[in-house]
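Enquirer: Dropping the structure in here first, questions after.
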Amino acid sequence: MGNPKVTFHVDREFDIWKINEFLNKEWQQDYFRKKIFGVHPDLKIVINLSKEEREKEITKYINKLYDSFGNALIKKSKRMQKDWDKISGSFFKITNNIFRDTPWPEGEYKAILSVSLPYPRFLDKKIFQVDLGNDDHWKVITAHEMIHFIFFEYVRRKYLPKFKRTIEKEMNKKLHNKFKVPLWDLSEVHDVILLNSEEYQKLFSIKTNPYPEHKDYYKKCLRIWKDVDADIDKFFERIEKQT
0 MGNPKVTFHV DREFDIWKIN EFLNKEWQQD YFRKKIFGVH PDLKIVINLS
50 KEEREKEITK YINKLYDSFG NALIKKSKRM QKDWDKISGS FFKITNNIFR
100 DTPWPEGEYK AILSVSLPYP RFLDKKIFQV DLGNDDHWKV ITAHEMIHFI
150 FFEYVRRKYL PKFKRTIEKE MNKKLHNKFK VPLWDLSEVH DVILLNSEEY
200 QKLFSIKTNP YPEHKDYYKK CLRIWKDVDA DIDKFFERIE KQT
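The structure is reproduced here in structure tokens:
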């Protein structure tokens, strides 16, 4: 087993599903809804529609985008593939060293371009979405999501070896009382810590920020990460004691 191959794809149906999924939730002022409307203000018309009407309007809107820019997206995915392949060796070298050569879960890792945040991941299917901005932000998103795959695999082997696959929802449930915060929160915080480290910044010059609700916990985890000199095993030992 070696490092996985990440391939980049365009999938309008997946994007339609994602936008519908996040805009069909309860109509509260949430983080991702604001992000979607920030990029696509025309979608605000769906706020007062029924679920069925919302899905129809969202599908129509996204289809129009892909009809106009679909070919450009395909060309972009090919450029992204070439650019990622150039740095993937360095990325995996840094990541494997941090996670003590934890084997990567087998599978075909697919990065799907998206016209909007958020960029969901599916650990069991090895699928995630990426930004299609014109700068290197998409590289950071790719690295961010790939680190999640190895993070959860490390946790599975350490705490839940009887689990045969890294199914995030089940792992969150099983480790509910193991850490001070849900495993998902810890994974997000640790991911940001890594990507802002000197090693990764040599590859990605873009700093990342934790989610607003994670800021305080991020600071605590960052102090611990520095105290243990970026030792993943010692980090988890300390995190457990924080519970």
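Numbering of the sequence shown is given in numbering that gives the first Met the number 0, commencing with residue 0 and proceeding in unit increments.
Every residue gets a Cβ at the ideal spot worked out from N, C-alpha and C, and that includes glycine.
Near Ile-15, which residues of its chain fall below 8 Å by C-beta distance, leaving aside the five closest residues on each side in sequence?
Expert: Excluding residues within five positions, the ones whose Cβ falls inside 8 Å are Ile-57, Thr-58, Ile-61, Asn-62.
Enquirer: Pull up the DSSP beta-bridge partners for Ile-126, would you.
Expert: For Ile-126, which the question treats as bridged, DSSP gives the partners Lys-109, Phe-121.
Enquirer: On the criterion of 16 or more Cβ atoms from any shown chain inside 10 Å, does His-143 qualify as buried, or is it exposed?
Expert: Buried, by the Cβ-count rule.
Enquirer: Mind pulling the alpha helix (DSSP H) runs of 4 or more residues that sit fully within the segment 63 to 95?
Expert: For the segment 63 to 95, not a single whole alpha helix (DSSP H) run of length 4 or above is found.
Enquirer: Considering only the alpha carbon of each residue, which of Glu-105, Gln-128, Asn-96 lies closest to Ile-111?
Expert: With distances taken between Cα atoms, Ile-111 lies closest to Gln-128.
Enquirer: Closest by CA to Ser-76, which one among Asn-47, Ser-113, Asn-95?
Expert: When only C-alpha atoms are compared, the closest one is Ser-113.
Enquirer: Output the boundary residues of the beta strand (DSSP E) element that contains His-8.
Expert: First-last of the beta strand (DSSP E) with His-8: 5 to 8.
Enquirer: What is the DSSP secondary structure of Phe-36, counted as helix, strand or coil?
Expert: Helix.
Enquirer: Out of Asn-176, Ile-146, Gly-37, Phe-150, point me to the one whose CA is closest to Leu-116's CA.
Expert: The shortest Cα separation from Leu-116 among Asn-176, Ile-146, Gly-37, Phe-150 belongs to Gly-37.
Enquirer: To the nearest angstrom, how far is it from the Cα of Tyr-153 to the Cα of Ile-44?
Expert: If you take the alpha carbons of Tyr-153 and Ile-44, they lie about 43 Å apart.
Enquirer: Once DSSP output is grouped into helix, strand and coil, what is the label at Tyr-210?
Expert: Coil.
Enquirer: At what residues does the alpha helix (DSSP H) containing Asn-171 begin and finish?
Expert: Element bounds for Asn-171: 167 to 173.
Enquirer: Give the DSSP-derived three-state secondary structure of Ser-186 in the structure shown.
Expert: Helix at Ser-186.
Enquirer: I'd like to check one pair, Thr-207 with Ile-149: are the Cβ atoms closer than 8 Å?
Expert: Their beta carbons are not under 8 Å apart, which means Ile-149 does not touch Thr-207 by this criterion.
Enquirer: In whole angstroms, what separates the C-alpha of Asn-96 from that of Ser-89?
Expert: About 11 Å.
Enquirer: Quick check: the segment 220 to 233 against the segment 187 to 196, are there 3 or more CB pairs under 8 Å?
Expert: Yes: at least three Cβ pairs fall under 8 Å.
Enquirer: My output table needs one value for Thr-101: the three-state DSSP class, helix, strand or coil.
Expert: In the structure shown, Thr-101 sits in coil (DSSP, three-state: anything other than H, G, I, E or B).
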